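Asker: Going by numbering that gives the first Met the number 0, the sequence shown opens with residue 0, and the numbers climb by one from there. For each residue, glycine too, the CB sits at the ideal point set by N, CA and C. Owing to the predicted nature of the structure, the values given are computational and were not obtained by experimental measurement.
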Amino acid sequence: MHKDYTKRLNPCQLEAVTHINGPLLVVAGAGSGKTSVLTSRIAYLLEQGVKPWEILAITFTNKAASEMKQRVAKIVGPLATQIWLSTFHAFCARFLRMEIDATGWYTRHFTIYDEGDIKLLVRECLKELDLAERQFSVGSVIGTISNAKNQLISPETFAAQADNYYSQRVASIYALYQKKLLANNAMDFDDLMTVAVRLLQERPEVLEKYQQRFRYILVDEYQDTNHTQYTLTRMLAARHRNLCVVGDADQSIYGWRGADISNILDFEKDYPDAAV
Numbered sequence: 000m001h002k003d004y005t006k007r008l009n010p011c012q013l014e015a016v017t018h019i020n021g022p023l024l025v026v027a028g029a030g031s032g033k034t035s036v037l038t039s040r041i042a043y044l045l046e047q048g049v050k051p052w053e054i055l056a057i058t059f060t061n062k063a064a065s066e067m068k069q070r071v072a073k074i075v076g077p078l079a080t081q082i083w084l085s086t087f088h089a090f091c092a093r094f095l096r097m098e099i100d101a102t103g104w105y106t107r108h109f110t111i112y113d114e115g116d117i118k119l120l121v122r123e124c125l126k127e128l129d130l131a132e133r134q135f136s137v138g139s140v141i142g143t144i145s146n147a148k149n150q151l152i153s154p155e156t157f158a159a160q161a162d163n164y165y166s167q168r169v170a171s172i173y174a175l176y177q178k179k180l181l182a183n184n185a186m187d188f189d190d191l192m193t194v195a196v197r198l199l200q201e202r203p204e205v206l207e208k209y210q211q212r213f214r215y216i217l218v219d220e221y222q223d224t225n226h227t228q229y230t231l232t233r234m235l236a237a238r239h240r241n242l243c244v245v246g247d248a249d250q251s252i253y254g255w256r257g258a259d260i261s262n263i264l265d266f267e268k269d270y271p272d273a274a275v
């Protein structure tokens, strides 16, 4: 391990890197060196004897995850390959491939539908329900279903909340769409998150296994987390409470897909003992 990885850190960054136990909020804007803080923190944890597989690091894009992996590898070498470092969705896909067989909902050989697959399936649902695409545009329906999933709203709950003709019909589409996905042993992108959360909620032994495993959890761009991502993070971190989140409320860019700015604004309410 390269011992000079902390030399370029300023005092505030060094404080964040060397904070070991308990929740930690790092408020950092663009260009403030937050990636250096995250990678250096991972290296420091390893130096303190934390096993690489006990660290879960999450970011939002494949590009950011790849960059972080490269930076960590430069500092810690081959140990980097044993760290769970990925996007939220890649983490959930990996987790589900390992654990979903026990649920009876899907098999681990499930298919992840892309945008084209999803559009075809929604059109199939519209046709079966005798609904005109000019009234229920495929893009709008997909967006509504996606937003519901990002808030952990099931088809049943969505239907119960539907209070007008349009939302009632969309509820029917959502229910049929989900039924067809399950029949095809397939998930859409949002299902990776919602099914992972449901599995953890309904299988306490699986939740305990991963709570014990991940002693340290780091989340980048925390201001862009939606309700599902927030719930997943909170559940996994509940045992050890060593949750480090990095973000800047002024940098939120995913409000259109359900990002909830209150997740970072209320971090200190969720964790009153958090270091900031």
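1) Just the Cα atoms here: how many angstroms apart are residue 176 and residue 218?
2) Considering only residues of the same chain and omitting the five flanking positions on each side of residue 85, which have a CB-CB separation below 6 Å?
3) Would a C-beta distance cut-off of 9 Å place residue 226 and residue 149 closer than the cut-off?
4) By Cβ distance below 6 Å, which residues in the same chain neighbour residue 242 in space, the five residues on each side in sequence not counted?
5) Taking the alpha-carbon of residue 9 as reference, which of 97, 36, 70, 113 has the nearest alpha-carbon?
6) Could you give the uninterrupted runs of the alpha helix (DSSP H) lying entirely in the stretch 87 to 169, keeping only those of 4 residues or more?
7) Going by C-alpha distance, which of 62, 66, 19, 77 is nearest residue 49?
8) I'd like to know if the stretch 196 to 205 and the stretch 92 to 101 are in contact, where contact means that at least 3 CB-CB pairs between them fall below 8 Å.
9) Should residue 142 go down as buried or exposed, given a rule of 16 or more other Cβ atoms within 10 Å for buried?
10) Would you call the CB atoms of residue 51 and residue 74 closer than 9 Å?
11) How would you call residue 156, buried or exposed, if buried means at least 16 neighbouring beta carbons within 10 angstroms?
12) Below 8 Å on the Cβ atoms is my contact criterion, and I expect residue 222 with residue 247 to pass it. Report the Cβ-Cβ distance as a whole number of Å.
13) Residue 270 and residue 240: beta carbons closer than 9 Å?
14) Enumerated in chain order, which unbroken segments of the beta strand (DSSP E) with a length of 3 residues or greater are wholly contained in the stretch 52 to 87?
15) Taking 6 Å as the limit between beta carbons, can you name the residues of its chain near residue 192, skipping five residues before and five after?
16) How long is the line joining the alpha carbons of residue 70 and residue 38, rounded to whole angstroms?
17) Rounded to a whole number of angstroms, what is the C-alpha to C-alpha distance between residue 174 and residue 72?
18) Just to check, is the beta-carbon of residue 182 closer than 8 Å to a non-hydrogen atom of the ligand SAM?
19) Based on the DSSP secondary-structure assignment, which residues constitute the bridge partners of residue 217?
Answerer: Here's the rundown:
1) 32 Å
2) 64
3) With contacts defined as CB atoms closer than 9 Å, residue 226 and residue 149 qualify as a contacting pair.
4) 22, 216, 236
5) 36
6) Qualifying alpha helix (DSSP H) stretches, in chain order: 87 to 98, 114 to 127, 137 to 149, 154 to 160.
7) 19
8) yes
9) Exposed is the call here.
10) no
11) exposed
12) 6 Å
13) yes
14) Runs found: 54 to 58, 83 to 86.
15) 91, 227
16) When only Cα atoms are considered, residue 70 and residue 38 end up about 7 Å apart.
17) Cα to Cα, the separation comes out at about 45 Å.
18) Ligands displayed in this structure: none; no statement on the ligand SAM is therefore possible.
19) 56, 243
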